[in-house]
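Protein sequences, first through last, are from chains A and B.
Using our numbering, the letters of the first sequence correspond one by one to residues 1 to 112.
Using our numbering, the letters of the second sequence correspond one by one to residues 1001 to 1118.
From the three backbone atoms N, C-alpha and C, an ideal C-beta is built for every residue, glycine too.
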Amino acid sequence: SQQGEEDPQALSIQEGENATMNCSYKTSINNLQWYRQNSGRGLVHLILIRSNEREKHSGRLRVTLDTSKKSSSLLITASRAADTASYFCATDAGTGGFKTIFGAGTRLFVKA
Amino acid sequence: DTEVTQTPKHLVMGMTNKKSLKCEQHMGHRAMYWYKQKAKKPPELMFVYSYEKLSINESVPSRFSPECPNSSLLNLHLHALQPEDSALYLCASSHPGLARGSSYNEQFFGPGTRLTVL
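Below, the structure is given as structure tokens:
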């Protein structure tokens, strides 16, 4: 079953612009993560935000979490062509265990 | 070494074949995962091993048989697969963590095995 729904499904921007992706989920969570996947490759962990955190930064990434709305957003500032990839949110579905459920993903294309 | 390796990179097999996918990590992680990913879809969890014991089986058909022979290795044995099983199979590992809300769910992924079933 799919926990997270992401929008937009696809996003095309110019290099230097900011990209914002949103994720909504259905159950309570302990943490939410964002991953990046280059075409047909493995996923790379970007950032983890815990349920008691509201915002987190890592380099050009900014993640927010609103547990009351069951939603999160990922902002990539000053995007680069190398940021072209699919971005997935993932939650633990509140199980506190290993079960990880990925959202549908946003495909980001950054034009040089 | 912060790498998860998977072999083979590509695999083509017939429906009557038996093959195995292999995954290896040397980060001391004690949780290892198998995911299946179809094109333009998110990864779907199949199995999780914790301390070499099967912790989660997401109702995966028995034609997929996981094995964790030691803390560094994870195998996925394949037998009598169907064409719809063609997909990218991803392995991941993580620290199991000590408490809820810890960072244990950060997973490190291998590059995947692209499986085609004819």
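Interface flag, residue i vs chain A, CB-CB below 8 Å
{"i": "S1071 of chain B", "result": "no"}
{"i": "P1008 of chain B", "result": "no"}
{"i": "G1101 of chain B", "result": "Bear in mind that a pLDDT of 44 at G1101 of chain B, under 50, signals an unreliable position, so the number given afterwards is only what the model happens to contain. Yes - at least one Cβ of chain A is within 8 Å of the one on G1101 of chain B."}
{"i": "E1003 of chain B", "result": "no"}
{"i": "T1016 of chain B", "result": "no"}
{"i": "L1118 of chain B", "result": "no"}
{"i": "L1115 of chain B", "result": "no"}
{"i": "C1023 of chain B", "result": "no"}
Test: residue i CB closer than 8 Å to a CB of chain B
{"i": "K99 of chain A", "result": "yes"}
{"i": "H57 of chain A", "result": "no"}
{"i": "L48 of chain A", "result": "yes"}
{"i": "A10 of chain A", "result": "no"}
Closest by C-alpha distance to residue i, when choosing among the options
{"i": "P1061 of chain B", "options": "B:V1048, B:Q1082, B:Y1051 and B:L1074", "result": "B:Q1082"}
{"i": "T106 of chain A", "options": "A:Y87, A:T100 and A:F98", "result": "A:Y87"}
{"i": "S73 of chain A", "options": "A:A81, A:A112, A:E55 and A:V44", "result": "A:E55"}
{"i": "T20 of chain A", "options": "A:S39, A:F98, A:A90 and A:E6", "result": "A:E6"}
{"i": "Q123 of chain A", "options": "B:L1045, B:V1012, B:V1004 and B:K1040", "result": "Lying before the first or after the last residue shown, residue 123 of chain A is absent from chain A, which here runs from 1 to 112."}
{"i": "S28 of chain A", "options": "A:I76, A:A112, A:S71 and A:A104", "result": "A:S71"}
{"i": "L1118 of chain B", "options": "B:K1022, B:G1014 and B:P1111", "result": "B:G1014"}
{"i": "T965 of chain B", "options": "B:T1016, B:K1018, B:A1031 and B:C1023", "result": "Examination of residue 965 of chain B is not possible in this model, given that chain B is present from 1001 through 1118 alone."}
{"i": "Y25 of chain A", "options": "A:K69, A:Q37, A:G40 and A:G42", "result": "A:K69"}
{"i": "N1070 of chain B", "options": "B:H1079, B:P1111 and B:G1028", "result": "B:G1028"}
{"i": "S39 of chain A", "options": "A:A82, A:I76, A:G97 and A:T67", "result": "A:A82"}
{"i": "C1091 of chain B", "options": "B:C1068, B:M1032 and B:N1057", "result": "B:M1032"}
{"i": "N18 of chain A", "options": "A:H45, A:I76, A:S51 and A:V44", "result": "A:I76"}
7 Å Cβ cut-off: residues of chain A touching residue i
{"i": "A1031 of chain B", "result": "F98"}
Contacts of residue i in chain A (Cβ-Cβ under 9 Å)
{"i": "V1048 of chain B", "result": "G97, F98, K99 and T100"}
{"i": "G1110 of chain B", "result": "G42"}
Chain E contact residues for residue i, given Cβ-Cβ distances below 8 Å
{"i": "F88 of chain A", "result": "Annotation note: the requested chain E is absent from the structure, which comprises protein chains A and B."}
Residues that residue i contacts on chain A, provided the C-beta gap is smaller than 8 Å
{"i": "L1090 of chain B", "result": "G42 and L43"}
{"i": "S1055 of chain B", "result": "G97 and F98"}
Distance CB(residue i)-CB(residue j) smaller than 8 Å
{"i": "N31 of chain A", "j": "I49 of chain A", "result": "yes"}
{"i": "F109 of chain A", "j": "T84 of chain A", "result": "yes"}
{"i": "E53 of chain A", "j": "L65 of chain A", "result": "yes"}
{"i": "K1038 of chain B", "j": "A1087 of chain B", "result": "yes"}
{"i": "P1043 of chain B", "j": "Y1051 of chain B", "result": "no"}
{"i": "H1077 of chain B", "j": "S1059 of chain B", "result": "no"}
{"i": "A100 of chain A", "j": "Q1107 of chain B", "result": "Sequence inspection shows Thr at residue 100 of chain A; the Ala mentioned does not correspond to that position. Contact flag set, yes."}
{"i": "S58 of chain A", "j": "G16 of chain A", "result": "no"}
{"i": "I13 of chain A", "j": "W34 of chain A", "result": "no"}
{"i": "V1012 of chain B", "j": "F1109 of chain B", "result": "no"}
{"i": "K1018 of chain B", "j": "H1095 of chain B", "result": "no"}
{"i": "L1021 of chain B", "j": "N1075 of chain B", "result": "yes"}
{"i": "S1093 of chain B", "j": "Q1025 of chain B", "result": "yes"}
Partner residues on chain B for residue i, Cβ-Cβ distance less than 7 Å
{"i": "G170 of chain A", "result": "Because residue 170 of chain A is not part of the residues shown, which for chain A are 1 to 112, the question remains open."}
Proximal residues of chain B, C-beta to C-beta of residue i below 8 Å
{"i": "A104 of chain A", "result": "K1041 and P1042"}
**Message:** At 4 residues or longer, what runs of the alpha helix (DSSP H) sit wholly inside the segment 14-39 of chain A?
**Reply:** none
**Asked** Unbroken beta strand (DSSP E) runs of length 3 or more, entirely within the segment 48-91 of chain A: which are they?
**Response** The segment 48-91 of chain A contains these whole beta strand (DSSP E) runs: 55-58, 61-66, 71-76 and 85-91.
**Request:** Would you mind listing the beta strand (DSSP E) stretches within the segment 1064-1116 of chain B that are 3+ residues and don't spill past its ends, in chain order?
**Result:** The segment 1064-1116 of chain B contains these whole beta strand (DSSP E) runs: 1064-1070, 1073-1079 and 1087-1094.
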